[in-house]
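In my numbering, the protein residues as written are 129 to 356.
Glycine is no exception: its CB is placed at the ideal position from the N, C-alpha and C atoms.
Just below is one structure, and these are the notes that go with it.
Written out as C-alpha cells, the structure is:
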C-alpha cells in the first residue's frame, strides 16, 4: 500500500511539473531586457566610416560586464577600435568591456567605437547573448522642402530636407515620379532624375525608410515642367 501511495504522489508531482512548464511564460516575458546597445555612424568617408555602440542599462540593477557581437559584410572590416577588447572570427566581431567600463549603473551608458574599412553596417547584433535593441517600430518623419535645381534638357536635380528618426542610422530616401519609382539614395538628400521630356509636367514625391523597414508617408508633391 505504501508503494502505491508513493507511486501515486510521484505521478501527481510529475504531472504538476509538466503543466507548470507547459503554461510557464516564455523567457523573454519572465526576464525583461536589462540593457540595449544602439549603433550609430558618427562620420563617414569614401572608403569607410567611424561607428560606435552605446550600451544603456535600462534595468534596476548594475551590470557588471558586457559583450556586443555582430557580423559585418565580407567587404567591410574593422581596422581600429577603442574602449573595448576585440575578438574576431572571420566576419564575426565580438567587443567586450575593458576593466574600467564594465560596470554600468541603472540608467547609465558606456560607448565604444571602431573604424571600418568599407561601408557595411553591423547585423545580427547581440548584447550579452541577447538582442541588442528593442524592436524598432517608429517610422522616420516625412521629408519636406522639396526643390529643383540644375535643369538640363532631359534631367534635373531634386533636393529635400532630411528626415529625422528615433535611431541614429542612415536613412534611405525613395523618390517617386508621377507615382512610379524614380530612384533612391542612402544618407543623401538629393537625386538626379534623368530621361525627362521637355515641356512635360512631372510630379515628384520623396519618402524615408529606416534600417528596420519602417517607411514614412510620401512628401507633398512638387510639380515641375522642364523648359525646352
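(1) Which whole runs of the beta strand (DSSP E) in the stretch 257–288 are 3 residues long or more, in chain order?
(2) Would you call residue 308 buried or exposed, if buried means 16 or more other Cβ atoms sit within 10 Å of its Cβ?
(3) Spell out the partners DSSP gives residue 185 in its beta bridges.
(4) Pop quiz: residue 219 and residue 199 are said to be a contact at Cβ under 8 Å. What is the actual Cβ separation, rounded to whole angstroms?
(5) Starting from the C-beta of residue 284, find all residues in its chain whose C-beta is less than 8 Å away, skip the five residues before and the five after it, and write them out in chain order.
(6) Using only the heavy atoms of the ligand MN, determine whether one of them is closer than 7 Å to the beta carbon of residue 246.
(7) Which of helix, strand or coil does DSSP assign to residue 329?
(8) Give a yes or no on whether the C-beta atoms belonging to residue 347 and residue 268 are separated by under 8 Å.
(9) Helix, strand or coil for residue 245, going by three-state DSSP, please let me know.
(10) Near residue 178, which residues of its chain fall below 6 Å by C-beta distance, leaving aside the five closest residues on each side in sequence?
Quick look at the numbers:
(1) 272–277
(2) exposed
(3) 163
(4) 5 Å
(5) 276, 277, 278, 320, 321, 324, 352 and 354
(6) Although the ligand MN was asked about, the structure shown includes no ligands whatsoever.
(7) strand
(8) no
(9) strand
(10) 170, 171 and 243
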